[in-house]
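Written below as structure tokens is the structure these notes are about.
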Amino acid sequence: MNVIYLASDHGGTVLKAHIAEHLGPKGYEVRDLGVNGTESVDYPDYAASLAQVMLQDATARGILICGSGIGISIAANRFSHIRAALVTDVTSARLCRQHNDANVLALGERVTGVATAMECVDTFLSTDFEGGRHQRRVDKLISPQPVSS
Ligand code: RB5
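Numbered by our numbering, the letters in the sequence shown go through residues 53 to 201 in order.
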């Protein structure tokens, strides 16, 4: 696992740039899916771009950023192969990998400072899924029970 996809809306471009600079020297292949620039865009479009590329690459990880991290994480989790965790602290970054096998880290540029965000990124990328009882639960995320109307 060396490819890291990054995407954000206009509310996340500064933190996205910090993450790209942080990961480049660590040997990751960072692929920036945009947005680049300051125009106002719609975060679901960038969550969808990430979901599209991750469909082709099951081992890849993604990092999504918007202003709060909320909208872009909700958008990403509409796709059944994505488990996006909105994280604001290192413990959550660790647990989302150990227990939830999260494949996407979501961050809010207006919520989380750069230093904490980098710690979350490093923890997310270096922590393995524990499997065991958690696998059964993750399987249920991938194939949820049908709900009746
Ligand atoms: C954009 O202004 C902002 O709404 C977006 O970045 C995000 O915070 C939405 O959840």
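Backbone N, C-alpha and C define an ideal beta-carbon position, used for all residues, glycine too. Since we're looking at a predicted model, the values are computed, not measured.
DSSP, read as helix, strand or coil, puts Leu-159 in strand. By the 16-neighbour rule on beta-carbons within 10 angstroms, Val-166 is exposed.
DSSP places Gly-76 outside any beta strand (DSSP E), giving it a letter other than H or E. In this structure Val-139 is buried. Its beta-carbon is surrounded by 16 or more other beta-carbon atoms within 10 angstroms.
Remark: the C-beta of Cys-118 is in contact range of the ligand RB5, defined as less than 7 Å to any heavy atom. Annotation: the continuous alpha helix (DSSP H) that includes Ala-128 extends over 122–128. Within 7 Å of the C-beta of Tyr-98 there is not a single heavy atom belonging to the ligand RB5. In the three-state reduction of the DSSP assignment, Leu-85 falls in the coil class.
Counting C-beta atoms within 10 angstroms of its own C-beta, Ala-99 has 16 or more neighbours from the protein chains shown and is therefore classed as buried.
If you draw a straight line from the Cα of Met-170 to the Cα of His-74, it is about 7 Å long.
Taking 8 Å as the cut-off, the Cβ atoms of Leu-177 and Arg-135 do not count as close.
Taking C-alpha positions only, His-62 is separated from Pro-96 by approximately 12 Å. Residue environment analysis places Asn-54 among the exposed positions, since fewer than 16 neighbouring C-beta atoms fall within 10 angstroms of its C-beta. The segment 74–90 makes no contact with the segment 118–129; the number of CB pairs closer than 8 Å stays below 3. With respect to the C-alpha of Val-93, the residue from Gly-64, Ala-103, Ile-115 and Met-106 having the closest C-alpha is Gly-64.
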